[in-house]
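Engineer: This structure is in structure tokens; I'll ask about it shortly.
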Amino acid sequence: TEGDVEVAKKADHIIYLPDTMEIFSPLLTIIPLQLLAYYIADRKGCDVDQPRNLAKSVTVE
Numbered sequence: 355t356e357g358d359v360e361v362a363k364k365a366d367h368i369i370y371l372p373d374t375m376e377i378f379s380p381l382l383t384i385i386p387l388q389l390l391a392y393y394i395a396d397r398k399g400c401d402v403d404q405p406r407n408l409a410k411s412v413t414v415e
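For the record, in the sequence shown the residue sitting at position 2 is 356 according to this note's numbering, with numbers rising by one throughout.
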């Protein structure tokens, strides 16, 4: 959450999230984490539009 100085001492990069009611916490965390996963995959050169093994798990009718 915002203002957590203990995490800032140990990490190079931090994604701060605003304080909110516990019920809204998953909604506020999923968007930054999805973007983080996207940018990591893009930087590693992975095809983010057609991930490996997608055809094995998803069937289009």
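Even for Gly, the Cβ is constructed at its ideal location relative to N, Cα and C.
Is it the case that the Cβ atoms of Leu371 and Leu382 are separated by a distance below 7 Å?
Structural biologist: Yes; because the gap between Cβ atoms is below 7 Å, this pair is in contact.
Engineer: Report the rounded CA-to-CA distance for Asp401 versus Asp358, giving the unit in angstroms.
Structural biologist: About 35 Å.
Engineer: Please state whether DSSP places Arg406 in a helix, a strand or coil.
Structural biologist: If DSSP states are grouped into helix, strand and coil, Arg406 belongs with coil.
Engineer: Going by the beta-carbon positions, is the gap between Asp386 and Ile368 smaller than 7 Å?
Structural biologist: The identity of residue 386 in the sequence shown is Pro, whereas the question assumes Asp. Cβ atoms of Pro386 and Ile368: not closer than 7 Å.
Engineer: What does the alpha-carbon distance come out to for the pair Ala365 and Leu408?
Structural biologist: Straight-line Cα distance between these residues: approximately 33 Å.
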